[in-house]
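So the protein lines, in turn, are chains D and X. Each residue of the first sequence is one higher than the one before, counting from 1 in the numbering used here. Each residue of the second sequence is one higher than the one before, counting from 333 in the numbering used here. Note that beta-carbon positions come from the ideal geometry of N, C-alpha and C, so glycine has one too. Predicted, not measured: the structure shown is a model, and the values here were computed from it. Below: one structure, written as structure tokens.
There are 2 protein chains.
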Amino acid sequence: MKKKPTMQDVAAIAGVSTATVSNVINNTKNVSEGTKRKILDVIESLDYIPNNLAKSLKMQDTKLIGLLISDIANPFFPPVVRGIEDSLAENGYNLILCETNSDSNLERENLRVLLSRRIEGLMVSLAGSEESHFENIDTPLVFFNRVPVSDQYNKVQVKNFKAAYVGTTHLIGHDYKRVAILAGPQHLNVGRDRLFGYKEALLESGREVDSNYISIREFTVAEGYQGMKELMDRSPKPDAVFTSNNALTLGAFQYLKDAGYRIPADIAFLGYDDTQWATIVDPPISVVRYPMYEMGQAIGAMIIGLVKSRGQEPSRTIAFEPELVVRKSCGC
Amino acid sequence: MKKKPTMQDVAAIAGVSTATVSNVINNTKNVSEGTKRKILDVIESLDYIPNNLAKSLKMQDTKLIGLLISDIANPFFPPVVRGIEDSLAENGYNLILCETNSDSNLERENLRVLLSRRIEGLMVSLAGSEESHFENIDTPLVFFNRVPVSDQYNKVQVKNFKAAYVGTTHLIGHDYKRVAILAGPQHLNVGRDRLFGYKEALLESGREVDSNYISIREFTVAEGYQGMKELMDRSPKPDAVFTSNNALTLGAFQYLKDAGYRIPADIAFLGYDDTQWATIVDPPISVVRYPMYEMGQAIGAMIIGLVKSRGQEPSRTIAFEPELVVRKSCGC
DNA sequence: CGCTTCGTGTTAATCGTTTAAATCGATTGT
DNA sequence: ACAATCGATTTAAACGATTAACACGAAGCG
Numbered sequence: 001m002k003k004k005p006t007m008q009d010v011a012a013i014a015g016v017s018t019a020t021v022s023n024v025i026n027n028t029k030n031v032s033e034g035t036k037r038k039i040l041d042v043i044e045s046l047d048y049i050p051n052n053l054a055k056s057l058k059m060q061d062t063k064l065i066g067l068l069i070s071d072i073a074n075p076f077f078p079p080v081v082r083g084i085e086d087s088l089a090e091n092g093y094n095l096i097l098c099e100t101n102s103d104s105n106l107e108r109e110n111l112r113v114l115l116s117r118r119i120e121g122l123m124v125s126l127a128g129s130e131e132s133h134f135e136n137i138d139t140p141l142v143f144f145n146r147v148p149v150s151d152q153y154n155k156v157q158v159k160n161f162k163a164a165y166v167g168t169t170h171l172i173g174h175d176y177k178r179v180a181i182l183a184g185p186q187h188l189n190v191g192r193d194r195l196f197g198y199k200e201a202l203l204e205s206g207r208e209v210d211s212n213y214i215s216i217r218e219f220t221v222a223e224g225y226q227g228m229k230e231l232m233d234r235s236p237k238p239d240a241v242f243t244s245n246n247a248l249t250l251g252a253f254q255y256l257k258d259a260g261y262r263i264p265a266d267i268a269f270l271g272y273d274d275t276q277w278a279t280i281v282d283p284p285i286s287v288v289r290y291p292m293y294e295m296g297q298a299i300g301a302m303i304i305g306l307v308k309s310r311g312q313e314p315s316r317t318i319a320f321e322p323e324l325v326v327r328k329s330c331g332c
Numbered sequence: 333m334k335k336k337p338t339m340q341d342v343a344a345i346a347g348v349s350t351a352t353v354s355n356v357i358n359n360t361k362n363v364s365e366g367t368k369r370k371i372l373d374v375i376e377s378l379d380y381i382p383n384n385l386a387k388s389l390k391m392q393d394t395k396l397i398g399l400l401i402s403d404i405a406n407p408f409f410p411p412v413v414r415g416i417e418d419s420l421a422e423n424g425y426n427l428i429l430c431e432t433n434s435d436s437n438l439e440r441e442n443l444r445v446l447l448s449r450r451i452e453g454l455m456v457s458l459a460g461s462e463e464s465h466f467e468n469i470d471t472p473l474v475f476f477n478r479v480p481v482s483d484q485y486n487k488v489q490v491k492n493f494k495a496a497y498v499g500t501t502h503l504i505g506h507d508y509k510r511v512a513i514l515a516g517p518q519h520l521n522v523g524r525d526r527l528f529g530y531k532e533a534l535l536e537s538g539r540e541v542d543s544n545y546i547s548i549r550e551f552t553v554a555e556g557y558q559g560m561k562e563l564m565d566r567s568p569k570p571d572a573v574f575t576s577n578n579a580l581t582l583g584a585f586q587y588l589k590d591a592g593y594r595i596p597a598d599i600a601f602l603g604y605d606d607t608q609w610a611t612i613v614d615p616p617i618s619v620v621r622y623p624m625y626e627m628g629q630a631i632g633a634m635i636i637g638l639v640k641s642r643g644q645e646p647s648r649t650i651a652f653e654p655e656l657v658v659r660k661s662c663g664c
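Written out as structure tokens, the structure is:
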């Protein structure tokens, strides 16, 4: 761990000034072939790597973008993050990752740290319903997935309402009589909008909304399991269910298996997000899905755009279309 | 995007020197209650957030740790990264994530930018078999998952040999006659060691190693599918298979389902890594697994330890024990 | 009363770059 | 022959923090 060589060192050994060294490194001015060669040789022999902190300080840019999410282990995020990373890398930016564990206080703290690191842009999937700490930051900001309602912000979203609407309508269309939903927390847009979509589909086809067939749960596997059990304990039992998040889907499916229900004979099943296992379970399950990698790319592209335009653009929202993938777990 | 206030600004408005401001922010010297209050007020009113670049430059530390992996969308990584993040956050470090897409050239490039950002430590799961670019860096370094053979490095590993050995032995013990393996690339330690473990188990129990029952494949779902097909086209067919990676497991399982084989009646199945779907497929599959989150924590703890001891410690290797989880897909 | 000690606060150098402005010798044009 | 121009290089001032060294008035002490 000896001290790393600096540009001063390079300059001294090559017998030139730091300005010249800087100029050959960045190709920013003409330097004679001779001195250029000499400098490059010294750089090589010292294993000199420029200090980007100093450069960033002087240049007022860091090529660093922050990402603030609840939990990378949530299967929704990895493909999205992959898309983001690819987008950023293409533009020479690096990603600094912070997890909030869905805790708004941690979110606020992490936000401060990121800002003090002078990130040039920030992408966030909200921890909770608290969003005031984002109000006056003057760093380009893109929300995705869990987004605030206010449209003063840039967002990359999913058509949550439509996803649930399309899914529920599909089930209704195949003549299931008692369509249930495993819904998410109502303080999150993703929870609310999907429940609304479900209700609207019911109402539009002349059905009633029966709260017995609605279970509102946290977005976890365990809650999905419990929620599904709760729904199947109703009498009469629902004959179809839409699980409005991937964790809920997994938990619900597990319960139905454990309890010995046959799908779709006893109950039709429509899940959320096209996870790896959707096609290998028995029966392969139908789902409402989004192009997650592409969403990630869009998020990355949007933040880069904002950074380059120095935040002059008006706020935009991109909303991705859901796609219904019909397999064997419900009417088809 | 107006210019952010600096410590100079705060000092000027509060009518003190920057030294004093710095001292109240860092609690590093006694400052009278009065001036402290005044300074804090100014900080508040300006929304002043210290510039960490300047601090890092002066202090020669960044509280930044690099992570170099092939692809966050590989289901192995998310839980590990979660563990790493938690470990780092606990110690006030941030994570900067780079993906190599398993390309050693990209790996080398990313390494350079990370070093130029003056990360204090680096964690890497190798892109390929090329590792020379890590040879002379004097930044604390921890390899995990895909690691170099040389024991001059710090590593957090998995007992790959043992995992395959234990798995294969289990299958042999339940009297399967023709135990096959879906093995990984032999230029990676994880591919090699698992194949060795399989062979060793066979030999030790007096069996022969039959290359007809070995399919060497890339670690992808598609290759798993093809590889499984290849194995089932042998005559006589294998009556048990060990799939030595999670992607291979998924692909292989998919093929067996598609081709209509019954598990374990037609073929016993032993998978790798305890993924979310292992328990909901039919039958629930037995697997060899590792505590991924805990591995992540260990990796994080190790790099922090190295950073704090300034790299004085001798190289260490931590190797996690595999655990055999027996479900319904093979003899039990 | 003179000397030290103490509590607060300031001065100024420093970290490692970038870059506008200055320097300096050689070349060019008239 | 002399000014103007040009190309290559250097000088030195930033960027925004930290901190050793110093300054200064008040208090303590023999």
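What residues are listed by DSSP as bridge partners for residue i?
i                         : result
arginine 289 of chain D   : D/Glu323
leucine 270 of chain D    : D/Phe242, D/Ser286
valine 456 of chain X     : X/Leu400, X/Phe475
isoleucine 318 of chain D : D/Val156
asparagine 426 of chain X : X/Leu396
What is the DSSP secondary structure of residue i, counted as helix, strand or coil?
i                         : result
glutamate 431 of chain X  : strand
glutamine 343 of chain D  : Because chain D spans 1 through 332 in this model, residue 343 of chain D falls outside it and cannot be assessed.
lysine 487 of chain X     : strand
valine 511 of chain X     : strand
isoleucine 636 of chain X : helix
isoleucine 546 of chain X : strand
asparagine 442 of chain X : helix
serine 329 of chain D     : coil
glutamine 644 of chain X  : coil
isoleucine 137 of chain D : coil
leucine 188 of chain D    : coil
glutamate 208 of chain D  : coil
isoleucine 612 of chain X : coil
glutamate 130 of chain D  : coil
threonine 607 of chain X  : coil
tyrosine 198 of chain D   : helix
valine 149 of chain D     : coil
When the Cα atoms are used, what is the spatial distance from residue i to residue j?
i                         : j                            : result
proline 623 of chain X    : phenylalanine 476 of chain X : 14 Å
asparagine 521 of chain X : glutamate 85 of chain D      : 27 Å
aspartate 258 of chain D  : proline 517 of chain X       : 37 Å
valine 31 of chain D      : alanine 11 of chain D        : 14 Å
proline 264 of chain D    : serine 436 of chain X        : 48 Å
asparagine 51 of chain D  : arginine 526 of chain X      : 41 Å
aspartate 565 of chain X  : arginine 659 of chain X      : 26 Å
glutamine 254 of chain D  : aspartate 282 of chain D     : 11 Å
glutamate 462 of chain X  : alanine 610 of chain X       : 34 Å
isoleucine 345 of chain X : lysine 336 of chain X        : 15 Å
threonine 220 of chain D  : histidine 187 of chain D     : 15 Å
glycine 224 of chain D    : glycine 538 of chain X       : 48 Å
alanine 405 of chain X    : leucine 67 of chain D        : 16 Å
glutamate 540 of chain X  : tyrosine 593 of chain X      : 26 Å
aspartate 47 of chain D   : asparagine 136 of chain D    : 43 Å
asparagine 101 of chain D : leucine 563 of chain X       : 43 Å
serine 70 of chain D      : valine 413 of chain X        : 13 Å
valine 474 of chain X     : histidine 465 of chain X     : 14 Å
serine 547 of chain X     : leucine 656 of chain X       : 22 Å
glutamine 340 of chain X  : serine 116 of chain D        : 16 Å
glycine 191 of chain D    : tyrosine 165 of chain D      : 13 Å
glycine 227 of chain D    : asparagine 212 of chain D    : 12 Å
If you pair each beta-carbon of the stretch 455-467 of chain X with each one of the stretch 570-588 of chain X, do three or more pairs fall below 8 Å?
no
Are three or more beta carbon pairs between the stretch 136-154 of chain D and the stretch 308-321 of chain D nearer than 8 Å?
yes
Which ranges does the alpha helix (DSSP H) cover as unbroken runs of at least 4 residues, wholly within the stretch 334-414 of chain X, from first to last along the chain?
339-346, 350-358, 365-378, 384-391
Does the stretch 437-447 of chain X come close enough to the stretch 599-618 of chain X to have 3 or more Cβ pairs within less than 8 Å?
No: fewer than three Cβ pairs fall under 8 Å.
Determine, using beta-carbon pairs with one atom in the stretch 290-310 of chain D and one in the stretch 73-84 of chain D, whether at least three such pairs fall under 8 Å.
yes
Within 8 Å, do at least three Cβ pairs link the stretch 32-47 of chain D to the stretch 82-98 of chain D?
no
Would you call the stretch 491-504 of chain X and the stretch 534-545 of chain X in contact, with 3 or more CB pairs under 8 Å?
yes
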